[in-house]
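Trainee: In the numbering used here, the protein residues as written are 124 to 190.
Below, the structure written as structure tokens:
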């Protein structure tokens, strides 16, 4: 796999594997550590993009009031 924006193409495959309960190991490159957070060329927060921040299941729209 590639680094940078190309790594975002793995999100669909990661989601499919997750929902199909298929174990998956994914390797991707990254910009050099000192450059992370400096808007380096092709720097993408692939860990942040693929991390689950919250997970909820609503059985109906009326279960939860959106604020």
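Just so it is clear, CB atoms sit at the ideal spot from N, CA and C, and this is done for glycine as well.
Could you pull the start and end residues of the alpha helix (DSSP H) that residue 136 belongs to?
Mentor: From DSSP, the alpha helix (DSSP H) with residue 136 extends over 134–142.
Trainee: How close, in whole Å, do the beta carbons of residue 167 and residue 133 come, if the pair is a contact with beta carbons under 8 Å?
Mentor: Not a contact, Cβ separation roughly 11 Å.
Trainee: Would you kindly work out how many angstroms separate the C-alpha atoms of residue 165 and residue 136, rounded to a whole number?
Mentor: Answer to the nearest angstrom: the Cα atoms are 21 Å apart.
Trainee: Below 8 Å CB to CB, which residues in the same chain sit around residue 128 once its five sequence neighbours on both sides are set aside?
Mentor: 165, 167.
Trainee: Could you tell me the distance, in whole angstroms, from the CA atom of residue 121 to the CA atom of residue 173?
Mentor: Here the chain comprises residues numbered 124 to 190, so residue 121 is not present and cannot be evaluated.
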